[in-house]
Amino acid sequence: MRISYNWLKNFIDINKTPEELSLILTDIGLEVESLEVEQSIPGGLEGLVVGEVITCEQHPNADKLKVTTVNVGKPELLNIVCGAPNVRTGLKVIVAQVGTTCHPTAGDPFKITKSKIRGEASEGMLCGEDEIGLGTSHAGIVELSADAEIGSLVKSYFKMEDDYCYEIGLTPNRADAASHLGVARDLAAYFRSTVKALDLGSFQSVSTNGTAVKVESEADAPRYSGINIKNIKVGESPEWLRNKLSAIGVRSINNIVDVTNYILHDLGQPLHAFDQDKISGNQVIVRKAKEGELFKTLDGVERKLSSEDLVIADAEKPMCIAGVFGGEYSGVTEGTTSIFLESAYFNPVTVRKTSKRHALKTDSSFRFERGTNPDITVDALKKAAILIAEVAGGEVASSVVDLYPNPIKPFEFPVSYQNIQRVIGKDIPAETIREIILSLGIEIENETEEGFDVKVPAYKVDVIREIDVVEEVLRIYGYNNIELKTQIKASLNTSEKPDKEVVLNQIADLLIANGYREILANSLTKDDYLENAETAVKLLNPLSSDLDVMRQNLLFSALIAIGYNQKRKNADLKIFEYGRSYNIVDDNYVEKQLFSIALSGKKEAEQWNNNSKGVSFYDIKAVVDDIIKRLKVEGIRIEDYAGTYFDYGLSYKKGEKVLVSFGAVSKANLKKTDVDGPVFFAQFDWDLMIKVIKKNKITYKEVSKFPSVRRDLALLLDDQVSFEQLRLIATKTERKLLKDVQIFDVYKGDKLPAGKKSYALSFTLQDEEKTLTDKQIDAIIQKLIINFEKEVGASVR
1 MRISYNWLKN
11 FIDINKTPEE
21 LSLILTDIGL
31 EVESLEVEQS
41 IPGGLEGLVV
51 GEVITCEQHP
61 NADKLKVTTV
71 NVGKPELLNI
81 VCGAPNVRTG
91 LKVIVAQVGT
101 TCHPTAGDPF
111 KITKSKIRGE
121 ASEGMLCGED
131 EIGLGTSHAG
141 IVELSADAEI
151 GSLVKSYFKM
161 EDDYCYEIGL
171 TPNRADAASH
181 LGVARDLAAY
191 FRSTVKALDL
201 GSFQSVSTNG
211 TAVKVESEAD
221 APRYSGINIK
231 NIKVGESPEW
241 LRNKLSAIGV
251 RSINNIVDVT
261 NYILHDLGQP
271 LHAFDQDKIS
281 GNQVIVRKAK
291 EGELFKTLDG
301 VERKLSSEDL
311 VIADAEKPMC
321 IAGVFGGEYS
331 GVTEGTTSIF
341 LESAYFNPVT
351 VRKTSKRHAL
361 KTDSSFRFER
371 GTNPDITVDA
381 LKKAAILIAE
391 VAGGEVASSV
401 VDLYPNPIKP
411 FEFPVSYQNI
421 QRVIGKDIPA
431 ETIREIILSL
441 GIEIENETEE
451 GFDVKVPAYK
461 VDVIREIDVV
471 EEVLRIYGYN
481 NIELKTQIKA
491 SLNTSEKPDK
501 EVVLNQIADL
511 LIANGYREIL
521 ANSLTKDDYL
531 ENAETAVKLL
541 NPLSSDLDVM
551 RQNLLFSALI
561 AIGYNQKRKN
571 ADLKIFEYGR
581 SYNIVDDNYV
591 EKQLFSIALS
601 GKKEAEQWNN
611 NSKGVSFYDI
621 KAVVDDIIKR
631 LKVEGIRIED
641 YAGTYFDYGL
651 SYKKGEKVLV
661 SFGAVSKANL
671 KKTDVDGPVF
681 FAQFDWDLMI
691 KVIKKNKITY
701 KEVSKFPSVR
711 RDLALLLDDQ
721 VSFEQLRLIA
731 TKTERKLLKD
741 VQIFDVYKGD
751 KLPAGKKSYA
761 LSFTLQDEEK
771 TLTDKQIDAI
781 IQKLIINFEK
791 EVGASVR
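Quick note on this note's numbering: the sequence shown kicks off at 1 and runs consecutively.
Structure representation (structure tokens):
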């Protein structure tokens with residue numbers, strides 16, 4: 001939002017420089033992102049002075065040139081050669097002295113230098129309009145009035161004043177500050193002064209009936225005001241109005257539209273002008289659109305309306321999408337002589353939904369959808385009528401129509417001095433608090449020593465609770481005025497064990513040390529990526545069709561990142577993410593903390609001395625096992641993955657709950673995200689992981705003095721038997737002495753019967769109290785062989 005320094009002076013007396021005011025605006029919550037100098041004339045006539053021609057003689061070497069001496073208020077006269085036909089003795093002129101830079105109406109700026117023209121010295125230039133940007137005339141030099149003061153600045157003579165424009169990063173809650181009046185109100189509160197009242201004394205009211213107005217949807221248009229203005233002449237706006245709008249980046253269109261834009265940025269009240277002669281039946285009807293009703297907007301686009309859209313219509317057709325965009329047919333043109341001027345308060349929710357539905361963002365919708373001031377509609381009409389009379393010759397042709405059946409009430413609630421001081425952290429005097437609140441336009445009632453009741457005007461849409469009043473007091477009092485204490489009193493609570501952030505950082509450090517990179521993805525995604533549409537959390541007002549639901553997993557976040565990188569020739573990826581999933585379970589919103597890992601491309605970068613292979617299922621399994629081992633999670637049960645994420649994979653369970661699932665991402669999911677496979681992915685239920693490791697006990701075990709023993713077995717097995725089954729049988733067979741079971745070879749081939757495979761297993765045995773004997777070891781191995789044969793039909797090769 002752009003705010004003009006000079007424009008603010010219409011509402012409040014300012015004795016601060018533009019730079020000082022910039023800091024004040026930021027301090028009171030209106031952050032100034034930039035400050036720029038605005039000049040109505042390029043160069044601002046800088047360096048030009050008023051001079052008087054003392055002598056004017058014919059140039060001895062040129063018929064069309066004159067040699068003059070000019071008084072510019074210095075001890076010595078300037079010798080200036082001039083070719084203008086109207087130069088003469090006694091004329092007051094504009095002088096550009098040596099060193100002055102002139103900014104012509106057309107062409108590049110140029111600097112005045114001392115020179116000789118046809119042999120005569122020239123120490124400056126007598127200026128024409130086009131040479132200094134004042135106009136386009138090249139007929140001669142500018143003639144100033146006889147009373148112009150010699151040596152004075154030309155910019156002072158023309159009463160030119162540089163303007164300064166603030167670019168303010170307005171937060172969405174500050175709808176009340178979306179105008180020069182709104183910003184001036186905040187500054188008045190800061191300076192403990194008052195905003196100047198609107199001067200509406202020249203408004204000429206009449207008692208004639210004008211256009212009939214009917215509001216069919218009062219909930220969507222709580223207040224609707226309008227007035228008829230006749231005998232207007234549509235044309236170019238005067239210079240002052242064009243300059244005002246140009247300073248804040250608004251393009252001048254014509255004098256009528258410019259007045260409506262001026263009022264919008266002046267008072268924050270959007271207006272709309274309809275060509276009176278195009279209003280069928282001389283009726284304005286505020287109604288809901290018919291479903292599918294066609295309407296061509298000012299940009300020439302025909303739009304299909306919804307029955308939820310509010311329109312301003314005549315007896316036959318819509319003329320405007322209320323609060324958003326005008327219609328092509330009913331707009332003001334060069335031939336317009338009479339208008340119906342609208343000023344309304346529309347329901348913010350209605351305007352916001354319509355603006356979103358049609359992807360139309362305008363200055364009007366920006367304000368209406370955040371909440372305008374319902375109490376200013378009529379005053380805005382009157383001020384606009386005064387300006388239209390001034391710039392377009394318009395005359396008020398009707399009384400003001402003002403339909404406001406259910407006035408919007410101010411927000412009322414109690415406020416305590418103690419709460420204000422407690423939250424701010426400083427004992428601000430009660431009188432100062434009271435003074436600030438009153439200066440913001442908030443009324444105070446039922447005062448006591450403890451506090452008071454407030455009546456907050458309807459335009460301050462973000463001040464509806466006591467804490468909001470605290471914020472108002474604090475920002476006007478000044479955050480910088482709250483001292484930092486040398487001592488801070490605080491109660492220290494023991495942190496939750498285990499500390500979630502510490503655990504997360506441990507695993508992140510582990511992965512980063514192994515070449516992984518962390519990603520942070522949007523929690524919004526599109527419904528094509530849903531795991532279960534019935535439990536999805538859908539957005540009521542999605543930003544786009546690609547961001548219309550909350551994600552249910554981290555899989556597609558990883559795939560989108562991989563796809564983005566693959567298209568930029570960066571296919572070898574090792575990434576992880578810590579994020580949340582969102583679902584509806586038994587009509588309750590459920591958030592779950594997840595942790596994911598994804599691998600794609602080659603395992604290592606290509607080098608001359610290695611043959612880099614692509615990542616595989618065992619790479620993702622290795623990193624999952626490393627995390628499980630790092631966090632000392634025991635008692636894991638392994639099952640084949642059952643779900644839609646992977647073509648094949650495993651799930652690690654703790655009890656009946658899945659702790660982590662991992663595998664090769666299915667071709668269907670790769671196709672959805674346009675990713676070239678294979679991609680291997682793991683997703684941890686991090687909330688469950690934290691619960692599991694809470695039960696871990698830190699123990700120390702001295703390194704055993706007795707040696708461990710390894711024995712190997714080669715087993716012939718059915719294809720469907722897994723290593724996990726064998727491991728569980730082994731640990732159940734010997735719980736005390738068996739320390740580890742590993743598989744070190746797998747064989748399938750012609751030498752084995754159909755449907756069979758061979759696993760070579762190693763078993764590590766150790767007794768913590770004594771050295772194992774061959775007899776003990778053989779007995780354990782025999783038990784293992786018997787149980788393998790009994791439970792899975794294995795035979796020793």
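In this text, a Cβ means the ideal position worked out from N, Cα and C, and glycines have one as well.
All figures in this text were calculated on a predicted structure; none of them were measured in a lab.
Buried versus exposed call for residue i [16 or more other C-beta atoms within 10 Å across all chains shown]
{"i": "R710", "result": "exposed"}
{"i": "K383", "result": "buried"}
{"i": "Q720", "result": "exposed"}
{"i": "R630", "result": "exposed"}
{"i": "L23", "result": "exposed"}
{"i": "Y618", "result": "exposed"}
{"i": "S145", "result": "exposed"}
{"i": "I263", "result": "buried"}
{"i": "L305", "result": "buried"}
{"i": "L555", "result": "buried"}
{"i": "L833", "result": "No answer is possible for residue 833: the residues shown for the chain start at 1 and end at 797."}
Nearest-angstrom beta carbon gap, residue j and residue i [assumed within contact, 8 Å]
{"i": "A760", "j": "D745", "result": "4 Å"}
{"i": "I285", "j": "E216", "result": "6 Å"}
{"i": "R192", "j": "E435", "result": "6 Å"}
{"i": "V461", "j": "A175", "result": "5 Å"}
{"i": "G128", "j": "I112", "result": "That belief does not hold up - the Cβ atoms of G128 and I112 are roughly 14 Å apart, past 8 Å."}
{"i": "V396", "j": "G226", "result": "Their Cβ separation, rounded to whole angstroms, is 12 Å, which puts V396 and G226 out of contact at 8 Å."}
Cutoff 6 Å; reference residue i; Cβ partners in own chain excluding five residues on either side
{"i": "D453", "result": "P414, E445, N446"}
{"i": "L25", "result": "V32"}
{"i": "V456", "result": "P410, F411, I442, V463"}
{"i": "H103", "result": "P42, G43, P109, G133"}
Proximity winner among the options, relative to residue i (alpha-carbon distances)
{"i": "G478", "options": "K196, R465, C56, A189", "result": "A189"}
{"i": "A322", "options": "D176, D275, P270", "result": "P270"}
{"i": "K278", "options": "G614, G649, P542, T333", "result": "T333"}
{"i": "Y417", "options": "P429, I408, V503, N406", "result": "P429"}
{"i": "G47", "options": "K155, P104, P60, R118", "result": "K155"}
{"i": "A380", "options": "Q487, F617, P222, D266", "result": "D266"}
{"i": "L77", "options": "T55, L599, V692", "result": "T55"}
{"i": "V301", "options": "L360, E161, I437, P60", "result": "L360"}
{"i": "L717", "options": "K748, E604, N611", "result": "K748"}
{"i": "A389", "options": "F203, I636, V692", "result": "F203"}
DSSP state of residue i mapped onto helix, strand, coil
{"i": "K155", "result": "helix"}
{"i": "A84", "result": "coil"}
{"i": "V246", "result": "In the sequence under discussion, the amino acid at residue 246 is Ser, which differs from the Val named in the question. The answer is helix: DSSP assigns S246 an H, G or I state."}
{"i": "K383", "result": "helix"}
{"i": "D363", "result": "helix"}
{"i": "S824", "result": "The requested residue 824 does not occur in the structure, where the chain is confined to residues 1 to 797."}
{"i": "P414", "result": "strand"}
{"i": "V103", "result": "The sequence as given places His at residue 103; Val does not occur at that position. Coil at H103, not helix or strand."}
{"i": "L716", "result": "strand"}
{"i": "P429", "result": "coil"}
{"i": "H272", "result": "strand"}
{"i": "S122", "result": "strand"}
{"i": "E76", "result": "coil"}
Sequence-distant residues of the same chain with beta carbon closer than 7 Å to residue i, five excluded per side
{"i": "S207", "result": "S399"}
{"i": "S365", "result": "G323, V324, V351, S355"}
{"i": "I339", "result": "I229, I232, I256, A273, F274, D275, Q276, V332"}
{"i": "D740", "result": "T764"}
{"i": "R287", "result": "E216, S217, V311, A313"}
{"i": "S179", "result": "H265, D266, L267, G268"}
{"i": "E120", "result": "H59, V67, V81"}
Cβ shell of residue i (< 8 Å), same chain only, five flanking positions each side left out
{"i": "E239", "result": "S40"}
{"i": "V391", "result": "S237, P238, L241, N255, D258, V259"}
{"i": "R251", "result": "L245"}
{"i": "G335", "result": "V234"}
{"i": "K657", "result": "D685, L688"}
Residue-chain proximity (residue i, chain D), Cβ-Cβ < 8 Å
{"i": "L21", "result": "The question asks about chain D, but that chain is absent: this structure has only one protein chain."}
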